[in-house]
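J.: Residue numbers (my numbering), protein chains in the order written: chain A, 21 to 197; chain B, 21 to 197; chain C, 21 to 197; chain D, 21 to 197.
Number of protein chains: 4
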Amino acid sequence: MKDILIINTGGTFNKRYNSLKGELEVPTDSIALENILKYFYNLSYEIKNIIHKDSLDIIDSDRKVLAELIRSASQKKILIVHGTDTKDKTAEFLVNLITDKCIVLTGAMVPFSIDSVEANANFSMALGYLLNEPKNGVYIAMHGLVKEYDKVFKNRKIYRMARKGRISAIKFSEEGI
Amino acid sequence: MKDILIINTGGTFNKRYNSLKGELEVPTDSIALENILKYFYNLSYEIKNIIHKDSLDIIDSDRKVLAELIRSASQKKILIVHGTDTKDKTAEFLVNLITDKCIVLTGAMVPFSIDSVEANANFSMALGYLLNEPKNGVYIAMHGLVKEYDKVFKNRKIYRMARKGRISAIKFSEEGI
Amino acid sequence: MKDILIINTGGTFNKRYNSLKGELEVPTDSIALENILKYFYNLSYEIKNIIHKDSLDIIDSDRKVLAELIRSASQKKILIVHGTDTKDKTAEFLVNLITDKCIVLTGAMVPFSIDSVEANANFSMALGYLLNEPKNGVYIAMHGLVKEYDKVFKNRKIYRMARKGRISAIKFSEEGI
Amino acid sequence: MKDILIINTGGTFNKRYNSLKGELEVPTDSIALENILKYFYNLSYEIKNIIHKDSLDIIDSDRKVLAELIRSASQKKILIVHGTDTKDKTAEFLVNLITDKCIVLTGAMVPFSIDSVEANANFSMALGYLLNEPKNGVYIAMHGLVKEYDKVFKNRKIYRMARKGRISAIKFSEEGI
Chain A
21 MKDILIINTG GTFNKRYNSL KGELEVPTDS IALENILKYF YNLSYEIKNI IHKDSLDIID
81 SDRKVLAELI RSASQKKILI VHGTDTKDKT AEFLVNLITD KCIVLTGAMV PFSIDSVEAN
141 ANFSMALGYL LNEPKNGVYI AMHGLVKEYD KVFKNRKIYR MARKGRISAI KFSEEGI
Chain B
21 MKDILIINTG GTFNKRYNSL KGELEVPTDS IALENILKYF YNLSYEIKNI IHKDSLDIID
81 SDRKVLAELI RSASQKKILI VHGTDTKDKT AEFLVNLITD KCIVLTGAMV PFSIDSVEAN
141 ANFSMALGYL LNEPKNGVYI AMHGLVKEYD KVFKNRKIYR MARKGRISAI KFSEEGI
Chain C
21 MKDILIINTG GTFNKRYNSL KGELEVPTDS IALENILKYF YNLSYEIKNI IHKDSLDIID
81 SDRKVLAELI RSASQKKILI VHGTDTKDKT AEFLVNLITD KCIVLTGAMV PFSIDSVEAN
141 ANFSMALGYL LNEPKNGVYI AMHGLVKEYD KVFKNRKIYR MARKGRISAI KFSEEGI
Chain D
21 MKDILIINTG GTFNKRYNSL KGELEVPTDS IALENILKYF YNLSYEIKNI IHKDSLDIID
81 SDRKVLAELI RSASQKKILI VHGTDTKDKT AEFLVNLITD KCIVLTGAMV PFSIDSVEAN
141 ANFSMALGYL LNEPKNGVYI AMHGLVKEYD KVFKNRKIYR MARKGRISAI KFSEEGI
């Protein structure tokens with residue numbers, strides 16, 4: 021059994037330019053993640069690709085599939101790549117169903133294919149957090165912050181605004197920051 | 021007071037091409053780190069630039085400067101960017117002097133300026149580890165592994181070889197991997 | 021007087037990701053071009069930004085503005101960055117109005133901000149062509165080909181298909197290739 | 021027969037980082053060139069890899085091999101990737117031996133693997149020049165300038181300085197610029 025289950029649901033993190041359509045699109049593969057994970061020689065992980073949607077298009081039936089995948093997995097450490105717009109909604113959905121695992125949701129404001137640095141920083145920070153005996157719960161990891169979903173949600177001065185529109189590069193914050 | 025002290029000692033992580041000399045060199049600045057940290061909007065940190073050497077050139081008087089900086093710092097969480105060749109030697113030096121802080125050493129096999137992904141992955145993973153209430157000790161964070169220096173050192177099947185020459189991209193490993 | 025007039029009309033070449041909107045957009049600046057031209061230390065040129073549109077949105081009144089700018093310019097060598105979808109239409113428009121200059125249209129299938137190589141290769145190839153005493157006429161420069169607009173147009177086996185949809189990375193070709 | 025012969029002799033243009041040695045080295049392949057040429061779908065060319073040296077290490081026996089390759093080639097259009105430090109010396113060597121072809125030498129101040137833009141801009145500009153019915157002769161193409169070797173040499177205010185040391189990013193210039 022691998023130590024960490026990485027679930028790739030799509031979102032901006034994964035988007036790539038399709039030169040035939042002239043548009044960015046969410047691929048069904050994990051090329052962006054593989055470009056990071058190829059350097060994690062010592063990491064014991066597996067990747068599952070599901071949903072592959074912009075998070076604005078994720079619906080509750082998608083979230084049920086996600087929850088079922090997590091519940092049935094043998095791993096206790098779950099790292100989810102998810103679009104930023106409804107990350108809090110998915111976190112809320114999961115927190116009621118799964119209490120015996122550490123689930124960290126991460127993502128990016130800019131696709132890895134356009135600027136690899138932000139996406140990689142968020143993902144690798146989330147991974148480092150999971151490597152250090154995390155407590156069970158549902159966490160959001162973005163932009164130098166890893167906190168229980170609940171704490172980010174309740175003190176969401178900036179985050180909530182960002183969630184409603186797509187306002188700011190600074191999406192995730194807890195009270196007092 | 022900032023939460024995390026980042027100490028940049030140089031090493032491959034920071035190297036940049038000097039087109040006048042036609043060589044890579046360790047700069048005295050932290051441009052590589054700043055290119056990552058600019059996305060950590062919510063992180064409370066400060067950076068100190070010291071030593072700025074390839075780690076093969078680091079001597080014990082450099083390590084004394086480093087230890088003194090850590091001891092006198094108000095922070096309990098210390099993240100050190102350090103060349104990979106003598107990272108274990110510096111870790112051993114620090115472990116005898118400082119026992120009340122969590123010190124994580126990271127670095128890269130390829131300069132951030134040539135391939136940003138590996139350097140960023142190592143650094144951001146190390147940072148994520150520090151964000152999760154780490155125990156005191158001296159850790160090495162590279163390539164998907166964050167472990168007490170001691171454990172990596174004692175089971176150094178791959179690492180030791182790599183330390184003596186510059187043999188492999190897979191430098192850091194613990195027993196059984 | 022500068023030797024070469026570079027007219028930037030927008031198109032895929034210039035597109036950048038707007039993380040607030042979550043979309044690629046044509047900027048009104050020339051940052052993509054400046055990232056190339058900063059290495060052309062010995063080149064005598066000036067840039068004019070006009071239109072800034074995806075070429076599917078360019079209309080004949082835009083083309084009149086473009087033609088007027090070229091006609092009134094003191095330069096004989098004109099390099100136009102233009103979206104690929106209607107490049108031939110703009111070329112046809114210009115060829116009837118301006119006969120005493122060498123006009124080269126170039127562009128890209130993928131934005132410079134996503135993959136700099138194709139955009140730079142097209143632009144720099146077009147520029148190199150202009151540096152070599154070109155004959156008057158209207159040329160298209162893409163993907164290793166620089167030909168009079170007319171020749172590309174008449175033998176447009178691949179190009180025409182590409183122009184109607186956005187079918188292929190190989191857009192520009194002359195007969196027999 | 022292919023229209024253009026590209027001869028890759030090595031130089032900074034091609035250098036890549038060897039993480040085992042911790043150094044940049046001139047490879048024996050043409051990966052840097054292939055990363056550009058893959059977008060020149062319509063170009064009729066072949067590549068020959070020879071010498072693979074930093075140009076400071078190129079000796080007259082290397083230049084004889086180069087001249088013989090050019091002389092025996094069926095192509096009239098020759099594009100040479102060459103280190104910048106002795107590009108003028110190689111040009112002078114060739115100009116006495118070959119008078120019935122158009123030979124353009126190009127290169128880069130920074131390896132394509134570190135910053136692709138300058139290397140690509142020089143190469144693609146040189147290629148564009150060759151596509152436009154060039155006169156026979158030996159030319160140097162760098163930084164927005166394509167001129168007969170002779171003209172660059174005679175008016176070498178900046179170039180000569182650069183040739184002796186490795187002084188400046190602005191290496192190539194003709195009189196009056």
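Don't be surprised by glycine CBs; every beta carbon is placed ideally from N, CA and C.
Enumerate, from N- to C-terminal direction, the unbroken beta strand (DSSP E) stretches of 3 or more residues contained entirely within the segment 23-59 of chain A.
T.: For the segment 23-59 of chain A, whole beta strand (DSSP E) runs of length 3 or above, ordered along the chain, are 24-30, 36-38 and 43-45.
J.: Just to confirm the assignment, what range does the beta strand (DSSP E) spanning Ala161(A) have?
T.: In the first sequence, residue 161(A) corresponds to position 141, counting from 1. Counting along the chain, the beta strand (DSSP E) containing Ala161(A) begins and ends at Gly157 to Met162.
J.: Using only the alpha-carbon positions, how far apart do Ile160(D) and Val124(D) sit?
T.: By 1-based counting over the fourth sequence, the position of residue 160(D) is 140. By 1-based counting over the fourth sequence, the position of residue 124(D) is 104. Approximately 6 angstroms between the Cα atoms of the pair.
J.: Kindly say whether Tyr59(D), judged by its beta-carbon, lies nearer than 8 angstroms to any beta-carbon of chain C.
T.: What you label residue 59(D) is simply residue 39 of the fourth sequence in a count that begins at 1. Answer yes: the Cβ-Cβ gap between Tyr59(D) and chain C drops below 8 angstroms somewhere.
J.: If the cut is a Cβ gap below 7 angstroms, which residues of chain C does Thr32(A) touch?
T.: Numbered from its first residue, the first sequence carries residue 32(A) at position 12. By Cβ distance, chain C contributes Gly42.
J.: I need the straight-line Cα distance from Glu45(C) to Ile79(C), nearest angstrom please.
T.: Your numbering for residue 45(C) matches position 25 in the third sequence. Your numbering for residue 79(C) matches position 59 in the third sequence. One C-alpha to the other measures close to 18 angstroms.
J.: Using a Cβ-Cβ cut-off of 8 angstroms, state whether Ser39(C) counts as contacting chain A.
T.: Mapped onto the third sequence, residue 39(C) falls at position 19. Chain A contact via Cβ: present.
J.: Keeping to the same chain, check which residues put their C-beta closer than 6 angstroms to that of Glu170(C); ignore five residues upstream and five downstream.
T.: To locate residue 170(C), count along the third sequence from 1; it is residue 150. The displayed chain sequence assigns Asp, not Glu, to residue 170(C). The answer is none, since no qualifying residue turns up.
J.: Sort out for me which residues DSSP pairs Asn69(A) with in a bridge.
T.: Position 49 of the first sequence, counted from the start, is the residue given in the question as residue 69(A). Per DSSP, Asn28(A).
J.: Ordered along the chain, which non-local residues of its own chain (more than five positions away) have a Cβ less than 6 angstroms from that of His72(A)?
T.: Within the first sequence, numbered from 1, the residue matching residue 72(A) stands at position 52. Once the five neighbours on either side are set aside, the close Cβ partners of His72(A) are Gly30, Val46 and Thr48.
J.: Of all the CB atoms in chain A, is at least one closer than 8 angstroms to the CB of Ala52(B)?
T.: Translated into positions along the second sequence, residue 52(B) becomes position 32. No, its Cβ sits nowhere closer than 8 angstroms to a Cβ of chain A.
J.: Please tell me whether Glu66(C) has its Cβ less than 8 angstroms away from any Cβ of chain D.
T.: Residue numbering aside, residue 66(C) sits at position 46 when the third sequence is read from its first letter. Taking Cβ atoms only, chain D never reaches closer than 8 angstroms to Glu66(C), which makes this a no.
J.: Against chain A, with Cβ distances strictly below 8 angstroms, would Ile134(C) count as a contact?
T.: To locate residue 134(C), count along the third sequence from 1; it is residue 114. At least one chain A Cβ lies under 8 angstroms of Ile134(C).
J.: What residues of chain C sit near Met14(A), judged by a beta carbon separation below 9 angstroms?
T.: Nothing can be reported for residue 14(A), as the shown portion of chain A is limited to 21 through 197.
J.: DSSP beta-bridge partners for Lys97(C)?
T.: Taking the first residue of the third sequence as position 1, residue 97(C) is located at position 77. Looking at the DSSP assignment, Lys97(C) forms a beta bridge with Ile24(C) and Cys122(C).
J.: May I ask which residues mark the beginning and end of the beta strand (DSSP E) holding Leu117(B)?
T.: As a first step, residue 117(B) must be located in the second sequence, where it is residue number 97. Taken as a continuous stretch (DSSP letters only), Leu117(B) belongs to no beta strand (DSSP E), as it is neither H nor E.
J.: Specify the secondary structure class of Glu168(D) as computed by DSSP and reduced to three states.
T.: Position 148 of the fourth sequence holds residue 168(D). The answer is strand: DSSP assigns Glu168(D) an E or B state.
J.: Could you spell out where the alpha helix (DSSP H) holding Tyr61(B) opens and where it closes?
T.: Locating residue 61(B) in the second sequence gives position 41, counting from the first residue. Element bounds for Tyr61(B): n/a, residue is neither H nor E.
J.: Buried or exposed: which applies to Ile134(D), given that a residue is buried once 16 or more other Cβ atoms fall within 10 Å of its Cβ?
T.: Here residue 134(D) refers to the residue found at position 114 when the fourth sequence is read from its first residue. Per the 10 Å Cβ criterion, buried.
J.: In whole angstroms, what separates the C-alpha of Asn142(D) from that of Ala87(D)?
T.: Reading the fourth sequence from its first residue, position 122 is the one you call residue 142(D). Reading the fourth sequence from its first residue, position 67 is the one you call residue 87(D). One C-alpha to the other measures close to 22 angstroms.
J.: Flag this pair as touching only if the segment 108-126 of chain A and the segment 104-119 of chain C have three or more C-beta atom pairs under 8 angstroms; answer yes or no.
T.: The segment 108-126 of chain A vs the segment 104-119 of chain C: no contact.
J.: Closest to Glu112(C) by C-alpha separation, out of Val158(C), Leu151(C) and Lys96(C), would be which residue?
T.: The residue labelled residue 112(C) in the question sits at position 92 within the third sequence. Among Val158(C), Leu151(C) and Lys96(C), the Cα nearest to that of Glu112(C) belongs to Val158(C).
J.: Please name the residue, chosen from Lys97(B), Lys58(B) and Lys35(B), that lies closest to Lys22(B) on a Cα-to-Cα basis.
T.: The residue you call residue 22(B) lines up with position 2 of the second sequence. The residue with the shortest Cα to Cα distance from Lys22(B) is Lys97(B).
J.: Return helix, strand or coil for Gly103(A), following the three-state DSSP convention.
T.: Taking the first sequence and counting its residues from 1, the one referred to as residue 103(A) is at position 83. Coil, per DSSP.
J.: Looking only at its chain, what residues have a beta carbon closer than 7 angstroms to the beta carbon of Lys121(C), apart from the 5 residues adjacent to it on each side?
T.: Within the third sequence, residue 121(C) is the residue found at index 101, counting from 1. Contacts found: Ile90, Lys96, Ile98 and Asn156.
J.: On the three-state DSSP scale, how would you describe Asp82(A)?
T.: If you number the first sequence from 1, residue 82(A) lands on position 62. Here Asp82(A) sits in helix by DSSP.
J.: Mark Lys167(D) as exposed unless 16 or more other C-beta atoms lie within 10 angstroms of its C-beta, in which case mark it buried.
T.: Within the fourth sequence, the letter at position 147 stands for residue 167(D). Classification of Lys167(D): buried, given that the 10 Å Cβ count is 16 or more.
J.: Specify the secondary structure class of Ser136(A) as computed by DSSP and reduced to three states.
T.: Position 116 of the first sequence holds residue 136(A). DSSP places Ser136(A) in helix when its eight states are reduced to three.
J.: Taking the alpha-carbon of Ser81(A) as reference, which of Leu114(A), Leu147(A), Ser64(A) and Leu150(A) has the nearest alpha-carbon?
T.: Here residue 81(A) is taken as the residue at index 61 of the first sequence, counted from 1. Per the Cα distances, Leu114(A).
J.: Between Gly196(B) and chain A, is there a C-beta pair that is closer than 8 angstroms?
T.: As a position in the second sequence, residue 196(B) is number 176, starting the count at 1. Confidence is the limiting factor: at Gly196(B) the pLDDT is only 35, short of 50, which leaves the residue's position unreliable, though a coordinate-based value still follows. So no, Gly196(B) is outside the interface.
J.: Given that Met129(C) touches chain A, what residues does it touch there, using C-beta distances under 8 angstroms?
T.: Numbered from 1 along the third sequence, position 109 holds the residue referred to as residue 129(C). Under the 8 angstroms cutoff, chain A gives Ser39.
J.: DSSP on Ala128(B), reduced to helix/strand/coil?
T.: Residue mapping note: residue 128(B) aligns to position 108 of the second sequence, counting from 1. In the structure shown, Ala128(B) sits in coil (DSSP, three-state: anything other than H, G, I, E or B).
J.: Take Val85(D) as the anchor and find which of Gly164(D), Ile27(D), Gly148(D) and Tyr37(D) has the nearest alpha-carbon.
T.: The residue labelled residue 85(D) in the question sits at position 65 within the fourth sequence. The shortest Cα separation from Val85(D) among Gly164(D), Ile27(D), Gly148(D) and Tyr37(D) belongs to Ile27(D).
J.: Are any of the Cβ atoms in chain C nearer than 8 angstroms to that of Leu125(D)?
T.: In the fourth sequence, the residue the question calls residue 125(D) occupies position 105. Closer than 8 angstroms: no.
J.: For a cutoff of 8 angstroms on Cβ pairs, would you count Gly157(A) as touching chain B?
T.: Locating residue 157(A) in the first sequence gives position 137, where the first residue counts as 1. Gly157(A) does not count as touching chain B.
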